[in-house]
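Student: Following full-length UniProt numbering, the numbering of the sequence shown begins with 1 at its first residue and continues without gaps.
Glycine is no exception: its CB is placed at the ideal position from the N, C-alpha and C atoms.
Following this message is one structure expressed as C-alpha cells.
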Amino acid sequence: MTLKKPINLLRGWPNPSLLPTPAILRAAQSALSDPSISTPGLLYGPDPGYQPLREEIAKWMSRFYGGEPDADRICISGGASQNLACVLQVFTDPLKTRVWMVAPAYFLACRIFEDAGLKLRAVEEGSEGIDLVALEEGLKKVELEEGETKTLKRTTPWGKVYRHIIYCVPTFSNPSGKTMSLSNRQKLVQLARKYDALIITDDVYDFLQFPTSSATSASSLTKALLPRLVDIDRTLEPVPPSDSFGNAMSNGSFSKIAGPGVRTGWAEATPKFTYGLSQCGSSRSGGAPSQLAATMMTELLKTGELETHIQTVLCPAYKARYDLMITSIQTLLVPLGVEIGEVSFGEKAVFGGYFIWLEMPDNANIESITDLAKSQENLIVAPGHIFEVSTDSSVKFERSIRLCFAWEEEADLKESIVRLARVIRDVKDGKKGGKEKLGDKSSIKQDLGEFQ
Ligand SMILES: Cc1ncc(COP(=O)(O)O)c(C=O)c1O
C-alpha cells in the first residue's frame, strides 16, 4: 500500500507562503543600514523595550482598538508565551495566587503556570466565552476556605501579588474558535476587580478576522470586532485611578501576523503594571527581550507594511481556507452526525483565527478516530482531551477535535476532510476502531511536540 501524502491539521503554524519575508527583509535592511537604529538594536536595551516600537505599537493599537495611544501602557516582550512567564514571576505567588483557566484551554500555557508553582483550575467556556457563575462560585469558595494567605516571595515596590489569575483567549480562541461576548467581557472585568484578580488574555488572533458571508464588506474589518478586556478595564466605570495596577493585561504577538520565529510581542496594561513587568529580573538584566527584532518590527509598522500584509494577504487567505474547510465539513461531516462548534460573536457574521472545533457523533470513539486517521489516512488531527486543563480534568472534551486551517497547503484542506469523513464512517459503522486495529497511540503524543 502506498502511503498517502501526510496532512497535519494539528500544527498551529502559518503556512510558509503567508510569511511576509520580503517585507521583513526590507525592514531588516533599513534597520541595519542606519547606525541610529542598528547600534541600539545590537546593544542592551531599556527594561520596557525599544522605545520606537512601544510608540508604533501604541499608535497601531489605537487605530485598531480605539482609545488614545499611550506608549507607557506598552512593554516589549519575547512573545505571548515568554511574557506570560514574566507576568507570573512578578505578579503571582505560589502560596497566595489561584489560577482559573477557561477550558478548552491553550494547552501549552499550562506548563508555564506550573513552572511558576501555580495550580490550575478549569472554568467552562460555555456559550459566551466563560461561565461566570461557576467562576464566581469558585472565587468565593477560595475566599471562604482559604481566607488570608501568606506569600512565599518578598514583596517589591514595583509589583503586586494578585490573589487570582484568570487566563483566557477571548477572541477566535485556540482551540475552540469562540469569541467572548461583550457583556461577558464587562462582567468578567467587574468580577476581577471584586476578587483581586488579574485577567491575562492572549489577544494573538484578533487581527485575523474575516467575513463569513458576502454581506459584510471586508473594509469594515480593519477595526477590532470587540474591545479587549484590557480596554474594558481602562474605560469601564468606575475607571480605576491612573496609578493603579489594573485588573487586566493583554498579550500581543507578532507570531501569527509576521512569523512565530520573530519571537517578539508586546504586553499592554496600566503604566504602573507595565513598569512592574519591565522590572522582572530577566528584563532588568539586559533589557526587554528581542531588542534587535524590535528594531525591525518598528520599520515594518512605520511603513504600514504589516497592516497591509494583514489586510491584503492574511485575512483573505484565511477566509479562503476557512470557507473551503467549513464547506467540506458541512457537506461531508455534518451528515455523519458531526457538529460544528458554536462560535458566537454577536450580530456580525465574522470569524477568525486558525482553528475549527468539532464535536464527533455520540457513538464514535475519539481515540479511534484520531488514531485511525493517523494510521489509515496519514492525517493528524488534535483530540479534544489535550485541551483539558492539565491539573484539573473536571472539564472534559471527550467528543471534540480541533482542526487547524492555517498550516497545510490550501489544496489539501478539502482532501483532509474527505479522509476524515472516511475514518468517521468506518468508526461509526464499527468496521474499524477496535483497540487491536489502532496505530501506535504514542504517535499522536510525538506529534504534540510541534503543536501550538
Ligand atoms: C492562545 C495562544 N497564546 C500564545 C501562543 C504563542 O504565542 P507566542 O508565539 O507569541 O509565544 C499561541 C500560539 O499558538 C496561542 O495560540
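For E148, does the count of other Cβ atoms within 10 angstroms reach 16, so buried, or fall short, so exposed?
Tutor: Exposed, since its Cβ has fewer than 16 Cβ neighbours within 10 Å.
Student: Taking 8 Å as the cut-off, is the CB of Y318 close to at least one heavy atom of ligand 1?
Tutor: Checking every heavy atom of ligand 1 against the Cβ of Y318, none is found closer than 8 Å.
Student: Measuring only the C-alpha atoms, how far is C404 from M325?
Tutor: Near 10 Å, if we compare the C-alpha coordinates of M325 and C404.
Student: What separation, rounded to the nearest whole angstrom, lies between the Cα atoms of D47 and V169?
Tutor: Near 26 Å, if we compare the C-alpha coordinates of V169 and D47.
Student: How about L191 and L120: are their beta carbons less than 9 Å apart?
Tutor: Taking 9 Å as the Cβ cut-off, L191 and L120 do not qualify as a contacting pair.
Student: What does DSSP give as the partner residues of V99 in its beta bridges?
Tutor: Answer by DSSP bridge pairing, in chain order: L120, I165.
Student: Any heavy atom of ligand 1 within a distance shorter than 8 Å of the CB on S253?
Tutor: Result yes, Cβ under 8 Å from ligand 1.
Student: Report all residues from its chain with a CB closer than 6 Å to the CB of R185; omit the five preceding and five following residues, and keep chain order.
Tutor: Excluding residues within five positions, the ones whose Cβ falls inside 6 Å are L229, I232.
Student: In three-state DSSP terms, what is A269?
Tutor: It is coil, neither helix nor strand.
Student: Is D202 a contact residue of ligand 1, with contact defined as CB to any heavy atom under 8 Å?
Tutor: Yes, since a heavy atom of ligand 1 falls inside the 8 Å radius drawn around the Cβ of D202.
Student: List the endpoints of the continuous beta strand (DSSP E) containing C75.
Tutor: From DSSP, the beta strand (DSSP E) with C75 extends over 74–77.
Student: Report the residue from L208, L277, L3 whose alpha carbon sits nearest the alpha carbon of T312.
Tutor: It is L208.
Student: Taking the beta carbon of Q291 as the centre, do at least 16 other beta carbons fall within 10 Å, making it buried, or is it exposed?
Tutor: Buried, by the Cβ-count rule.
Student: Going by alpha carbons, who is nearest to C86 out of L277, E408, E415?
Tutor: If we check each option's Cα against that of C86, L277 comes out closest.
Student: Less than 8 Å between the CB of E108 and some heavy atom of ligand 1, yes or no?
Tutor: Before going further, note that residue 108 is Leu rather than Glu in the sequence given. Correct: L108 has its Cβ closer than 8 Å to ligand 1.
Student: Decide if the region 108–124 is in contact with the region 285–304; the criterion is three or more beta carbon pairs, one per stretch, under 8 Å apart.
Tutor: They do not touch, by the three-pair rule.
Student: Kindly provide the ranges of any beta strand (DSSP E) runs that are 3 or more residues long and lie completely inside the region 187–223, ordered along the chain.
Tutor: If we require 3 residues or more, the beta strand (DSSP E) runs fully inside the region 187–223 come out as 197–202, 209–211.
Student: Is it the case that the CB of S282 approaches a heavy atom of ligand 3 more closely than 8 Å?
Tutor: With respect to small molecules bound, the structure shown includes ligand 1 and not ligand 3.
Student: Quick check: L19 and A258, are their CB atoms within less than 9 Å of each other?
Tutor: Yes, these two residues count as a Cβ contact at 9 Å.
Student: Within the present structure, is the beta-carbon of S416 separated from the nearest heavy atom of ligand 1 by less than 8 Å?
Tutor: S416 Cβ: outside cutoff for every heavy atom of ligand 1.
Student: Would you give the residue range spanned by the beta strand (DSSP E) that C404 belongs to?
Tutor: Per DSSP, C404 belongs to the beta strand (DSSP E) from 400–404.
Student: Taking L53 and P94 to be in contact with their CB atoms under 8 Å, please state how far apart those CB atoms are, rounded to whole angstroms.
Tutor: 33 Å between Cβ atoms; not a contact.
Student: Classify N363 as buried or exposed, calling it buried when 16 or more other Cβ atoms lie within 10 Å of its own Cβ.
Tutor: With fewer than 16 other Cβ atoms within 10 Å, it is exposed.
Student: Once the 5 residues before and after R163 are set aside, which same chain residues still bring their CB inside 6 Å of it?
Tutor: These residues qualify, in order along the chain: D196.
Student: From this set, V381, T274, L420, which residue's C-alpha is nearest V334's C-alpha?
Tutor: That would be L420, whose Cα lies nearest to the Cα of V334.
Student: Based on the DSSP secondary-structure assignment, which residues constitute the bridge partners of L358?
Tutor: Paired residue(s): I340, I401.
Student: Any heavy atom of ligand 1 closer than 8 Å to the CB of Q82?
Tutor: True, at least one ligand heavy atom lies under 8 Å from that Cβ.
Student: Mapping the DSSP letters down to three states, classify K437 as helix, strand or coil.
Tutor: Here the model assigns K437 a pLDDT of 43, short of 50, so the residue's position is not dependable and the matter cannot be decided.
Student: So is the beta-carbon of P260 under 8 Å away from any non-hydrogen atom of ligand 1?
Tutor: Yes, since a heavy atom of ligand 1 falls inside the 8 Å radius drawn around the Cβ of P260.
Student: Could you compute how far the alpha carbon of L3 sits from the alpha carbon of L226?
Tutor: C-alpha separation (whole angstroms): 45 Å.
Student: What number of angstroms, rounded off, separates the C-alpha of W407 from the C-alpha of L182?
Tutor: Computed Cα separation, rounded: 30 Å.
Student: Using the Cβ count rule (16 or more neighbours within 10 Å means buried), how would you classify L42?
Tutor: It is exposed - the Cβ of L42 has fewer than 16 other Cβ atoms within 10 Å.
Student: Return the chain-ordered list of same chain residues with a C-beta closer than 6 Å to the C-beta of V427, the five sequence neighbours on each side being excluded.
Tutor: Result list for V427: A364, S368, I369, G433, in chain order.
Student: Any heavy atom of ligand 1 within a distance shorter than 8 Å of the CB on S173?
Tutor: Yes; taking the cut-off as 8 Å, the Cβ of S173 has a heavy atom of ligand 1 nearer than that.
Student: Taking 8 Å as the cut-off, is the CB of Y205 close to at least one heavy atom of ligand 1?
Tutor: Under cutoff, so the answer is yes.
Student: In the DSSP output, what is A16 paired with across the bridge?
Tutor: Reading the sequence as shown, one finds Pro at residue 16 and not Ala. For P16, which the question treats as bridged, DSSP gives no partner whatsoever.
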